[in-house]
Structures are given as structure tokens and as C-alpha cells.
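Written below as C-alpha cells is the structure these notes are about.
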Amino acid sequence: MRYLLKHPVTGVADLLADPIETWTTISDAHTAERERRRPQCPYEPNLGWEQQLHDALGVSWPCDETRESSALWHQVISELEAKGIRAGPESFQWWNDGDAGLVRAIWCLTRHLRPRNVVETGVAHGVTSRFILEALKRNGDGYLWSIDLPPLERFWHQQIGAAVGDGYSDRWTYIKGSSRRRLPGLLHDLGQIDLFIHDSLHSERNVRFELDRTWPALGPKGALVVDDIDANWGFRSFTQTVPGRVSLICTAEPLRPDLRRFNKKGLFGIILKASTAQF
Ligand SMILES: C[S@@+](CC[C@H](N)C(=O)[O-])C[C@H]1O[C@@H](n2cnc3c(N)ncnc32)[C@H](O)[C@@H]1O
848 MRYLLKHPVT
858 GVADLLADPI
868 ETWTTISDAH
878 TAERERRRPQ
888 CPYEPNLGWE
898 QQLHDALGVS
908 WPCDETRESS
918 ALWHQVISEL
928 EAKGIRAGPE
938 SFQWWNDGDA
948 GLVRAIWCLT
958 RHLRPRNVVE
968 TGVAHGVTSR
978 FILEALKRNG
988 DGYLWSIDLP
998 PLERFWHQQI
1008 GAAVGDGYSD
1018 RWTYIKGSSR
1028 RRLPGLLHDL
1038 GQIDLFIHDS
1048 LHSERNVRFE
1058 LDRTWPALGP
1068 KGALVVDDID
1078 ANWGFRSFTQ
1088 TVPGRVSLIC
1098 TAEPLRPDLR
1108 RFNKKGLFGI
1118 ILKASTAQF
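Residue numbering for the sequence shown follows this note's numbering, starting at 848 and increasing by one per position.
The following block contains the structure:
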């Protein structure tokens, strides 16, 4: 509504171009605002999440992939800086870029599980997209579909996918729109997916919408990664519906403190459908 008052011409044009999407955006934002009045979900992080993840995957740790991920991290951050983008918390409107811990987890999952079909929600600068795409490229197999509802403000549009660059068009489809509207159809078309990353609207309603729909489509060795789980109760309430699965709560590693978070860092979560070891 604030956007509409500030930019009446483009606001009305957006509304007329896609009234359903505009209504979905307004109703999602309203629910997210209401949810923010709830107390924070008290998550207890798994301090050794990286070792536990690799144990569950049945691979040794530290693994060579950890080093590969760190090298790519430095490269991606420098590339963004060269484009005049200061990566990190609140770098794309109020949204954060994927942090070093999150992308390392995604990198290791992509390299070790060798997924064929990967779906993510939330692109912004495309840091997570770049890590998935580069890992798929090194696997020599696999495809990424990214669903993203860009901000209404036109200013941000030129920065969408800035971290991805040009080298991945044979493995990547960017789907513009909200996950509420685009995800069900995509999952229906794909049948099975092997890896899913949530990094879109961080409300419990939206997280549950995405996870409840991706879980049945997730293959037997698949994984879900959920960013910013400390922002709502969605990860907790979802894991309670799938007891006995391996789920990890991991501390984020932002480039600078994120002062909005209880630990100045944030948390992300991982759920594996199956594991070689329980802990
Ligand atoms: C946290 S950022 C994504 C960061 C990205 N994964 C990265 O590592 O650079 C969230 C993105 O999701 C988009 N978004 C917001 N609500 C959405 C929704 N309902 N469905 C899909 N995308 C949404 C935002 O506009 C923003 O571009």
C-alpha cells in the first residue's frame, strides 16, 4: 500500500498487469506482519552441524568440497563488489544475500547428493543460485528452477541474479512470481525433485506452504534447506510433522553482524529425507 501511494502510476500499472499476483503479495505481506507479533521460536543450534551433515550423508568431513566452496565464496563476493554491490545483510532491499555457511551447506549437498532437479525460492542477487549452478556444472548433470517475486521498486530489478552472471543458461530457469502461485505447477510438471531451498518470504505461512508441497515431491535421498528459520515458526512446526528425519539447525555466517537477529547472525535449517546415520 505504501508503494502504491509513493508510486501511483507504476503501482496501478502493476495492479492491472497482474491483479492476482498483486493481491497474493499484499495478503502474504499482511500475514507476515501479523506473525511478527508472535514471540520468537527458541531454536537450539547444532554446533557441529557440518560434521553431522556429512555423517548423515555418509561422507567424511572435512571434505574437499568445503575448500572449493570457500574459494567460490571469495570469487562471488569480489564479483559483486566489482559491480558496485556490497553483499551481506540487507543488501537487496531489506533482504540478505545467502551467507557463507548457508552456501557451503548447499554446495556440499549439491556435490554429494548429485541432484538432478533442484528448486529454490528467492533469487535477489542470486548468491545461492550461483552456488547451486556451479556445483551442478561440476557434477556435469542437474538443472535449477528458481522462483522469485521481485520487489515492486524498479530500482532493484537490474541487480536480480547479479551473482549468477552469464555462464549457466543451459541449466537455469528463472520463474518470475510468488512461490504461492508458481511452486505447485512447477512441482507438478517436474514430478520429483532432489533438492529444495527456501529463501523467499520468511513467514511461517509461506515456509509451511512451500515445505508442505515440496516434501511429497522430494526423492528418497532428497534434502530441504530453509534459510532464516529464526524469523518464524515454520521450520519447527514442519519438522514436527515429519518426526524421525534428520534435521539440523545451523548458525549463519553473515559478512557483517545482522543486528535484527537474536544472535546477530541468524539460523538456517536442513532436513534430509533419509540418512546413513542417525544422531
Ligand atoms: C532473501 S532474498 C534471496 C537471497 C538469495 N537466495 C541470495 O542468496 O542471494 C529473498 C528474495 O525472495 C523474493 N520474494 C519475496 N517474497 C517472495 C515470494 N512470496 N515468492 C518468491 N519470492 C519472493 C524477494 O523479492 C527477494 O528477491
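Note that the Cβ used here is the ideal one computed from N, Cα and C, for glycine as well.
The structure presented is a predicted model; accordingly, all values stated were derived computationally and were not measured.
From what residue to what residue does the alpha helix (DSSP H) around residue i run?
| i | result |
| --- | --- |
| V974 | 974-986 |
| H1045 | Note, H1045: premise wrong, no alpha helix (DSSP H); beta strand (DSSP E) at 1040-1045. |
| E955 | Note on residue identity: the sequence assigns Cys, not Glu, to residue 955. Note, C955: alpha helix (DSSP H), 947-960. |
| I1007 | Run containing I1007: none; DSSP gives neither H nor E here. |
| S993 | Here S993 belongs to no alpha helix (DSSP H); instead the beta strand (DSSP E) covers 990-995. |
| G1032 | 1026-1037 |
| L904 | 896-904 |
Roughly how many angstroms lie between the CA atoms of residue i and residue j, to the nearest whole one?
| i | j | result |
| --- | --- | --- |
| Q1125 | A903 | Confidence in Q1125 is poor, its pLDDT being 45 and thus under 50, which makes the residue's placement unreliable; the coordinate value appears in the next sentence. About 7 Å. |
| R977 | D865 | 29 Å |
| H854 | R881 | 25 Å |
| C1097 | G1024 | 29 Å |
| P998 | N893 | 33 Å |
| A1064 | L1119 | 13 Å |
| V950 | Y1021 | 19 Å |
| V970 | V923 | 15 Å |
| A918 | D946 | 14 Å |
| H901 | G948 | 14 Å |
In the DSSP assignment, find the unbroken beta strand (DSSP E) run with residue i in it and report its ends.
| i | result |
| --- | --- |
| V803 | Any answer about residue 803 is impossible in this case: the structure gives the chain only from 848 up to 1126. |
| V1072 | 1065-1073 |
| S874 | It is not in any beta strand (DSSP E) - S874 instead sits in the alpha helix (DSSP H) that spans 866-882. |
| V1093 | 1093-1098 |
| I1076 | Run containing I1076: none; DSSP gives neither H nor E here. |
| L1114 | 1114-1119 |
Please state if the CB of residue j and the CB of residue i are separated by a distance shorter than 8 Å.
| i | j | result |
| --- | --- | --- |
| T957 | L1042 | yes |
| E1100 | A1010 | no |
| G1116 | V1073 | yes |
| L991 | I1007 | no |
Under the assumption that residue i contacts residue j (Cβ atoms under 8 Å), give the Cβ distance between them as a whole number of angstroms.
| i | j | result |
| --- | --- | --- |
| F1002 | H972 | About 14 Å; that fails the 8 Å criterion. |
| N986 | R1027 | 30 Å between Cβ atoms; not a contact. |
| E912 | W954 | 6 Å |
| G1113 | D1059 | About 23 Å separates the two Cβ atoms, so there is no contact after all. |
In the DSSP output, what is residue i paired with across the bridge?
| i | result |
| --- | --- |
| G935 | G935 pairs with nothing; no bridge assigned. |
| I924 | According to DSSP, I924 bridges with nothing at all. |
| T1020 | W992 |
| W942 | F939 |
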